[in-house]
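Just so we're aligned: 349 in the working numbering is position 342 of the sequence shown, and the numbers increase by one with no gaps anywhere. Notes to accompany the following structure.
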Amino acid sequence: MATVKTVATTPFSGQKPGTSGLRKKVAVFAQAHYLENFVQSVFDSIGDIAGKTLVVGGDGRYHNRTAIQTILKMAAANGFAKVMVGRGGILSTPAASCVIRKYQTFGGIILSASHNPGGPTEDFGIKYNIPAGGPAPEAITEAIFARSEKITQYRILDAADLDLDRLGEQHLGEMVVEVFDSVADYAELMQSLFDFDAIRAAFKAGFRMKFDAMHAVTGPYAVEILEHRLGAPAGTVMNGVPLEDFGGGHPDPNLVHAHDLVAALTGAGAPDFGAASDGDGDRNMILGRDFYVTPSDSLAVLAANATLCPGYKAGLKGIARSMPTSAAPDRVAARLGIPAWETPTGWKFFGTLLDAGKATFCGEESFGTGSDHVREKDGLWAVLAWLNVLAVRKQSVAEIVTAHWQDYGRNVYSRHDYEGIDSAAAEGLMEHLRSLSLKGQTLGAYRVAFNDDFAYTDPVDGSVSKKQGIRVVFEDGSRVVFRLSGTGTEGATLRVYIERYEPDAAKHHLDPQVALADLISIARDLAQIEARTGRTEPTVIT
Ligand code: VG1
Ligand code: CO
C-alpha cells in the first residue's frame with residue numbers, strides 16, 4: 008500500500024516565477040526538495056484541490072520525466088482525484104491549455120523552459136495554469152512565491168514510478184492517472200477553426216511548405232495535422248522527433264536559431280511557405296520564399312484576414328498586443344472599428360481580456376500569436392491560420408504582406424537582444440534610463456513626446472503591474488523600448504525594441520536594420536549600452 012509521507016523542508020530563495028513560470032538550470036531543479044518545495048507551494052496557493060483533476064505534461068526536455076513522476080506522487084498525496092498526463096510526459100503548451108479547458112480541469116502544471124536550450128547542463132522550467140487554461144496571473148504567482156519562502160513541509164506518496172508511455176488509466180494510491188494522447192484533442196480544435204478542405208486542396212495542387220519542429224514538442228502535432236490530416240507530403244515536417252536536448256540547438260524559432268529552415272526557404276526552388284515552432288510549441292516563425300514576416304506584422308495580417316478562417320467568420324472583438332510589439336495590429340483594429348489593447352509582456356496578461364470577450368486575437372513580437380480558442384499563444388494555430396489565408400487568397404506570403412504595407416503603411420520593426428550581460432550592469436542601465444526625463448528633447452531627427460516606465464491597469468480586474476519596460480516615444484510615433492528578460496537563467500538579457508512608421512511604399516523594401524539605423528544608435532546612446540555592458544553589438548537581432 009502506498010503511504011503518504013510528510014517531508015520536512017526549508018525554503019529555497021528565488022523561487023519567483025518570471026515572465027512565464029520558474030526557470031532555472033537543471034542542476035538547480037535536481038537538488039533534493041527544490042521541485043517539491045515549488046510544487047507544494049503551488050498546491051497550497053490555488054484553493055481546494057481535494058477531488059479535483061489536474062493536467063500535467065511538458066516539452067519533453069531533459070528532466071521532464073523525473074519531474075513528472077514527482078509531481079504525480081505529490082498530487083496524489085495532496086488529494087487530487089485524477090491527473091491527466093500526456094503520453095511520454097509530452098504536452099505542448101497550447102495543447103495543455105486546450106485540454107484544461109476541454110475537460111474543465113482544475114488547471115495544469117506545464118514543465119518547460121520554452122525556447123531555452125535543454126539537456127543536463129541547460130534549462131528546466133515549471134508553471135501553473137489556471138482552470139481557464141492560461142498562465143496564472145500575477146496575484147497567484149506572487150502567492151506561490153510567498154508560500155515558497157515560508158514552506159516547512161511537503162506531502163508525497165511513497166510509491167513506485169508509473170509507466171508514462173502506456174495509454175490508459177493507472178492508480179497512485181487513490182488517485183487515477185490517465186495517460187492520454189493530446190494530439191487528437193488539439194487537432195480536432197484546429198479543424199474546427201480552419202478551412203482544412205481549402206488547405207488540403209492547395210497541397211493537392213502543388214503548394215509546398217516546410218515546418219521545422221526543431222526537435223521539440225510540436226513534431227507529433229505537426230506530423231498528424233500537416234501530413235496526415237491535410238495531406239502535405241511526408242517530410243514536410245523537419246526535425247519532427249522530440250529530443251531531450253533538442254538536438255543540441257536553441258529551440259527558438261527565429262532567423263538565427265532556425266537556420267535550417269531559413270536555408271530551405273531561400274532561393275528559386277524553395278517551397279512557398281515555411282514555419283517553425285519553439286520548445287513547448289507556443290511560438291511560431293512565418294516565412295515565405297525569401298521572405299521573413301515579423302511577428303508583429305503576422306498578427307496584423309492575420310487580423311486583417313481573419314474572416315477568411317471559418318472559426319473567425321463573424322469577425323474579431325478586439326486585438327491585444329504586448330507593449331513592445333509594433334503598433335501594426337493597432338492600425339488593423341482601427342480600420343475594423345474594434346479595440347486595440349496594449350498589455351505588459353507575457354501571455355498571462357491576455358487572459359482577462361480573452362475571458363471577458365474584449366479581444367479575439369493576441370500577439371507578441373517574440374514570435375507569439377494566438378486567439379481565444381485557448382489561453383496560451385499557439386505556434387501551430389498561427390501556421391494553420393497562415394495556411395488558411397494563403398489557400399483562400401492564392402497569393403504568395405510576400406504579395407500578401409507587401410500589399411498589407413501598401414494599404415496600412417509599414418511599422419518597421421526590430422528587436423536587439425544583449426544576452427548574458429552582467430546583472431548589476433543591467434540593473435544600473437535600467438535605473439539610468441528610468442532617471443531620464445526626455446520630453447521635448449531632440450535626439451537626431453526625432454523629438455521626444457514622452458518617456459516612462461510602462462505601467463498597466465488591467466481593464467477587467469483592475470490589477471496594476473508596474474515597471475514593465477522603459478518607453479521612449481517620439482512625436483511621430485516612433486519608439487524605442489528597453490526591458491530586461493524575465494525568462495533567462497544566466498546573468499541578464501537586455502532587450503531593445505525599435506519601431507518606426509513608414510507610410511511611403513517606395514521605402515517598404517528597405518532592410519529594417521538600415522531603415523532603423525538612426526533610432527538604433529539613439530537607443531544605444533541613451534542606454535549607454537557599450538559603456539555599461541561592454542557590448543558593441545547585440546547577440547541576437549530579430
Ligand atoms: C520572453 C518574450 C515574451 C514571452 C516570454 C515567454 O519573455 O519576450 O514575449 O511571453 O518569453 O515565451 P522575456 O521576459 O524573456 O522577454 V515562451 O515561448 O518562453 O513561453
Ligand atoms: Co514557448
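Note that CB positions come from ideal geometry on N, CA and C, so glycine has one too. Quick caveat, the model's predicted, so the values are computed rather than measured.
Residue burial is scored here from C-beta neighbours: Q413 has fewer than 16 other C-beta atoms within 10 angstroms and is therefore classed as exposed. In the DSSP assignment, Q177 falls within the unbroken beta strand (DSSP E) covering 175 to 179. In this structure, the straight-line span from the alpha carbon of V46 to that of G54 is close to 14 Å. For W348, the enclosing beta strand (DSSP E) has its first and last residue at 347 to 350. Taken atom to atom, the span from the alpha-carbon of R296 to that of L443 is near 43 Å. If the five residues before and after L262 are omitted, its C-beta is found closer than 7 Å to the C-beta atoms of V269, Y299, T549, all from its own chain and listed in chain order. For H222, the closest C-alpha among the options M216, H411, G286 is that of G286.
Bridge pairing for G375: R290, E371 [DSSP]. For Q160, there is no enclosing alpha helix (DSSP H); the enclosing beta strand (DSSP E) covers residues 160 to 165. If you check the C-beta of R290 against the ligand CO, you find a heavy atom less than 8 Å away. Here DSSP, grouped into helix, strand and coil, assigns T464 to strand. About 19 Å separates the beta carbons of T352 and G427, which is beyond the 8 Å limit, so they are not a contact pair. Annotation for T225: the continuous alpha helix (DSSP H) segment containing it runs 225 to 229.
The alpha-carbon of M330 is positioned some 20 Å away from that of L436. Remark: the C-beta of G344 is outside contact range of the ligand CO, defined as less than 8 Å to any heavy atom. DSSP lists T60, V183 as the bridge partner or partners of K89. R531 sits in a helix when the DSSP states are folded into three classes.
Cβ-Cβ distances below 8 Å link A410 to Q402 in the same chain, with the five nearest sequence neighbours on each side left out; the list follows chain order. Assignment of H266 by DSSP, reduced to helix, strand and coil, places it in the helix class. Secondary structure of Y193 (DSSP, three-state): helix. Spatial neighbours of L526 in its own chain (CB-CB distance under 7 Å, excluding positions within 5 residues in sequence) are listed in chain order as S485, V487, I505, R507.
In this structure, V396 lies near C316, with their beta-carbon atoms less than 9 Å apart. For E509, the enclosing beta strand (DSSP E) covers residues 499 to 509. For the ligand VG1, no non-hydrogen atom lies closer than 8 Å to the CB of S472. Sequence-distant Cβ neighbours of H122 in its own chain, meaning closer than 7 Å and more than five residues away, are H257, P258, D259, D285, G286, R290.
Closest in C-alpha terms to K474, from the list F461, L445, L309, comes F461.
Distance between G325 and K365, taken at the CA atoms: about 6 Å.
In the structure shown, A120 falls within a coil segment according to DSSP collapsed to helix, strand and coil. The Cβ-Cβ distance between S155 and N246 does not fall below 9 Å. In the DSSP annotation of this structure, the continuous segment of the alpha helix (DSSP H) that includes T73 starts and ends at 71 to 84. In this structure, D483 is the residue among D483, D465, F374 with its C-alpha nearest to the C-alpha of V455. Under the three-state reduction of DSSP, Y425 is assigned to strand. Burial check for S20: the Cβ neighbour count within 10 Å stays below 16, so the residue is exposed. Sequence-distant Cβ neighbours of L61 in its own chain, meaning closer than 8 Å and more than five residues away, are A82, F87, K89, V90, M91, T112, F113, G114, G115, I116. Three or more beta-carbon pairs separated by less than 8 Å are not found between the stretch 271 to 285 and the stretch 140 to 157, which leaves the two stretches without contact. Following the DSSP letters along the chain, one finds M437 inside the alpha helix (DSSP H) bounded by residues 430 to 442.
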